[in-house]
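Going down the list, the sequences are from chains A and G. So in my numbering, the last one in the first sequence is 251, and the numbering has no gaps at all. So in my numbering, the last one in the second sequence is 251, and the numbering has no gaps at all. Note that CB positions come from ideal geometry on N, CA and C, so glycine has one too. Note that the coordinates shown come from a computational prediction; the quantities given were computed from them, not determined experimentally. The block underneath contains the structure these notes are about, expressed in structure tokens.
2 protein chains.
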Amino acid sequence: MTADVTPLDRRRAAGAETRQRIVAVAEVLFAANGYDAVGLRDIIREAGINSAAVHYHFGTKEALFLHILRLRAEPIAAARMERLDALRAREPFELRDVIDAFLRPALEQAEPADPPRANYAELRARLSGKHEDTVRQLLAEIFDQSSKAFLDAIRQCLPDLPEADLYYRFHFLLGTMVYTMANPGRIRDLSFGGTDPFDFDEVLSHLVPFIEAGFRAAPLSKPAKRPLRRPAKRGKP
Amino acid sequence: MTADVTPLDRRRAAGAETRQRIVAVAEVLFAANGYDAVGLRDIIREAGINSAAVHYHFGTKEALFLHILRLRAEPIAAARMERLDALRAREPFELRDVIDAFLRPALEQAEPADPPRANYAELRARLSGKHEDTVRQLLAEIFDQSSKAFLDAIRQCLPDLPEADLYYRFHFLLGTMVYTMANPGRIRDLSFGGTDPFDFDEVLSHLVPFIEAGFRAAPLSKPAKRPLRRPAKRGKP
DNA sequence: GTCTATACAGTGATAGAC
DNA sequence: GTCTATCACTGTATAGAC
Numbered sequence: 015m016t017a018d019v020t021p022l023d024r025r026r027a028a029g030a031e032t033r034q035r036i037v038a039v040a041e042v043l044f045a046a047n048g049y050d051a052v053g054l055r056d057i058i059r060e061a062g063i064n065s066a067a068v069h070y071h072f073g074t075k076e077a078l079f080l081h082i083l084r085l086r087a088e089p090i091a092a093a094r095m096e097r098l099d100a101l102r103a104r105e106p107f108e109l110r111d112v113i114d115a116f117l118r119p120a121l122e123q124a125e126p127a128d129p130p131r132a133n134y135a136e137l138r139a140r141l142s143g144k145h146e147d148t149v150r151q152l153l154a155e156i157f158d159q160s161s162k163a164f165l166d167a168i169r170q171c172l173p174d175l176p177e178a179d180l181y182y183r184f185h186f187l188l189g190t191m192v193y194t195m196a197n198p199g200r201i202r203d204l205s206f207g208g209t210d211p212f213d214f215d216e217v218l219s220h221l222v223p224f225i226e227a228g229f230r231a232a233p234l235s236k237p238a239k240r241p242l243r244r245p246a247k248r249g250k251p
Numbered sequence: 015m016t017a018d019v020t021p022l023d024r025r026r027a028a029g030a031e032t033r034q035r036i037v038a039v040a041e042v043l044f045a046a047n048g049y050d051a052v053g054l055r056d057i058i059r060e061a062g063i064n065s066a067a068v069h070y071h072f073g074t075k076e077a078l079f080l081h082i083l084r085l086r087a088e089p090i091a092a093a094r095m096e097r098l099d100a101l102r103a104r105e106p107f108e109l110r111d112v113i114d115a116f117l118r119p120a121l122e123q124a125e126p127a128d129p130p131r132a133n134y135a136e137l138r139a140r141l142s143g144k145h146e147d148t149v150r151q152l153l154a155e156i157f158d159q160s161s162k163a164f165l166d167a168i169r170q171c172l173p174d175l176p177e178a179d180l181y182y183r184f185h186f187l188l189g190t191m192v193y194t195m196a197n198p199g200r201i202r203d204l205s206f207g208g209t210d211p212f213d214f215d216e217v218l219s220h221l222v223p224f225i226e227a228g229f230r231a232a233p234l235s236k237p238a239k240r241p242l243r244r245p246a247k248r249g250k251p
């Protein structure tokens, strides 16, 4: 039985372990120093392997990064859907709970972990503009489904809000979220140390009411260029 | 008189022209392709000069980029102060006008120009994370004065808003602004072409009411330092 | 003072031996 | 499946012409 472990099996096992070690080392370095500041040679030194091993397992440095980014982004999308399903289970739900369900999974990840790992915000923020298109495509693939589900939920809470306003305001929601996650400590600087560096529970307690009020602002309903179409009260297409 | 033009003067004039051409070429390339995607060799080829000329005038590629960024950022800060002064000349002013005065100069720059030039949002967005600290320092130097003036103006409009809430909400304001400027066309994607790609006047007409409503939301008015800590609500053993 | 020619140490990627 | 050797390319630095 034990003799069934062939040299090939042992190599495969070693390969899988090498792969894991590359990811573990790379994600910490990327998150701490940024994509461009980390050379492949830094990764291979820390992981005790050869440069070609990275290329064998992941192809390119960019692909390695995207692999890690996906690793941290997918749980966020999943957690959002889970929370939204929980809300839908006990309708009617409140707008603020929908907003909270969307934001919390993303902000939670910024908490420090042991063993240290990257979080989505750090990775997303520290990527150079060169790979913008690839990243945008990856994130669209991961987040589009849940984003659409949340747009539906918000629309359900605000049936009188014109579609254009809904999309604009969801866009603004994304802006505050990304900026807040990408700039922890920024609030502290502005306020001369008056607020906590990054307590995601406190951030959420400020962010959710802000966004909710924004969503509840009077819609534009401007008679100008293009009269905005009424959403036609779509319940289910 | 005309004989007073020495060879040195001619060299200086030529030098200034070279400097200008470097900036003109570099800012278009940077804005279009991103910092990392543009090599110094792309710039020198397009400008018809040698690589050491760039090194002579600006020292490093990063310094050249920061020079251009400053060139586009400073007018924004100046325009903000100008608009705020105009508001203060006819007090009392409205919160929405303060917000508009802050956002409009930044968004206006995104309009296309001829000859083509970079705008602040493109430059800021397309920089890699490697130079984050340097950029943050530069932008702080440029924007801190006007930001503080606007914080004062907002505080004047909302005298009952606690300081912590003020800073948080100003931070959220920055987030929506940066994200919107950095992602023109993002709204169009979300809404399947329902809204304009980048009409800064339309964007402002949506953004200003959203932000104003956020600022006017009920403050947290938390009694203790840390009331948000749920003592032992953890359902996990 | 301004700029050209040239060289240098670093990067990510790759071919091919083992 | 893993490694050595090497590639083309990057940003930077220096010497020296004008």
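C-beta neighbour in chain G for residue i, strict 8 Å
| i | result |
| --- | --- |
| A/Arg244 | Note on A/Arg244: pLDDT 40, under 50, position unreliable in the model; no value is reported. |
| A/Pro237 | Reliability fails at A/Pro237, whose pLDDT of 38 lies under 50, so the model's placement of it is uncertain and no value is given. |
| A/Met15 | Because A/Met15 sits at a pLDDT of 42, beneath the cut-off of 50, its placement in the model cannot be relied upon, and the point is left open. |
Minimum Cβ-Cβ distance from residue i to chain A less than 8 Å
| i | result |
| --- | --- |
| G/Lys144 | yes |
| G/Ala227 | yes |
| G/Arg248 | Only weak support is given to the placement of G/Arg248: the predicted model assigns it a pLDDT of 37, under 50, and the value that follows is read from those uncertain coordinates. With 8 Å as the cut-off, G/Arg248 does not count as an interface residue toward chain A. |
Neighbour list for residue i in chain A, Cβ cutoff strictly below 7 Å
| i | result |
| --- | --- |
| G/Gly199 | By Cβ distance, chain A contributes nothing, its closest Cβ being about 11 Å from G/Gly199, past 7 Å. |
| G/Phe299 | Since the first and last residues shown for chain G are 15 and 251, residue 299 of chain G lies out of range. |
| G/His220 | Asp179, Tyr182 and Leu234 |
Cross-chain neighbours of residue i in chain A, by beta carbon under 8 Å
| i | result |
| --- | --- |
| G/Asn192 | The sequence as given places Val at residue 192 of chain G; Asn does not occur at that position. Simply Gly189 and Tyr193. |
| G/Gly48 | Ser142, Gly143, Lys144 and Glu146 |
Proximal chain A residues relative to residue i, where beta-carbon distance stays under 9 Å
| i | result |
| --- | --- |
| G/Leu141 | Ser142 and Gly143 |
| G/Ala51 | Ser142, Gly143 and Lys144 |
Whole-number beta carbon distance between residue j and residue i, since they are thought to touch under 8 Å
| i | j | result |
| --- | --- | --- |
| A/Asp50 | G/Ser142 | 5 Å |
| G/Val52 | G/His81 | That belief does not hold up - the Cβ atoms of G/Val52 and G/His81 are roughly 15 Å apart, past 8 Å. |
| A/Gln123 | A/Ile90 | 7 Å |
| A/Ala77 | A/Arg140 | Their Cβ separation, rounded to whole angstroms, is 17 Å, which puts A/Ala77 and A/Arg140 out of contact at 8 Å. |
| G/Met195 | G/Ala135 | 3 Å |
| A/Leu221 | G/Phe186 | 7 Å |
| G/Leu234 | G/Asp179 | 6 Å |
| G/Val42 | G/Ile58 | So it is not a contact: roughly 14 Å between Cβ atoms. |
| G/Ala231 | A/Ala232 | With 8 Å as the limit, G/Ala231 and A/Ala232 do not qualify as a contact, their Cβ atoms being about 14 Å apart. |
| G/Tyr193 | A/Gly189 | 3 Å |
| A/Leu121 | A/Phe214 | 4 Å |
Assigned exposure category for residue i - 16 Cβ within 10 Å defines buried
| i | result |
| --- | --- |
| A/Lys75 | buried |
| A/Pro223 | buried |
| A/Ala40 | buried |
| A/Arg104 | exposed |
| A/Tyr70 | exposed |
| G/Ala92 | exposed |
| G/Gly48 | buried |
| A/Ala87 | buried |
| G/Ala30 | exposed |
| A/Asp128 | exposed |
- request: For the stretch 32 to 88 of chain G, list the beta strand (DSSP E) runs that are entirely contained and at least 3 residues long, ordered along the chain.
  value: none
- prompt: Going along the chain, which unbroken runs of the alpha helix (DSSP H) with 4 or more residues stay wholly within the stretch 171 to 197 of chain A?
  reply: 177 to 196
task: Pick out the complete beta strand (DSSP E) segments inside the stretch 80 to 142 of chain A, 3 residues or longer, and give them in chain order.
output: none
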